[in-house]
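The structure appears right after this line, and notes come after that.
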Amino acid sequence: MRLLPLVVAAIAASAACTPRYGERRSDALDPLRPAFNAADRDHDENLTRAEVESGMAQLLPYFADIDTDGNGRISAGELRSWLEWQRVLRAPPPDVPRDR
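Residue numbering for the sequence shown is 1 to 100, as defined by UniProt numbering.
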């Protein structure tokens, strides 16, 4: 019986953190989205090495780590995953300008 209040509290806390229908959940890429979009010159949601060099040069040393499928491009999903993994590792991501 002592466990029941804890379970109820956990469910209530979980419901409070869940976005409501139609609300967008923020993710790790949100703060860098303006810089990503500015660097993505052809608007294909991928950054080539040249686009990274000219628009998000701070990511260049990590290009191979972020490009997990090895196709020579960093997709928005790959960058998001890498940023989330950096958060998990508690290593700060490189200082990338957030506004362009």
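Glycine included, C-beta positions come from ideal geometry on N, C-alpha and C.
Residue state for L59 is assigned as helix, using DSSP reduced to three classes. Residues of the same chain with a CB within less than 8 Å of the CB of F63, apart from the 5 flanking positions on each side, are R49, V52, I74 in chain order. Boundaries of the alpha helix (DSSP H) around N37: 33–39. The residue among E84, D65, G55, R87 with its C-alpha nearest the C-alpha of D42 is G55.
S75: member of the beta strand (DSSP E) spanning 73–75, first to last residue.
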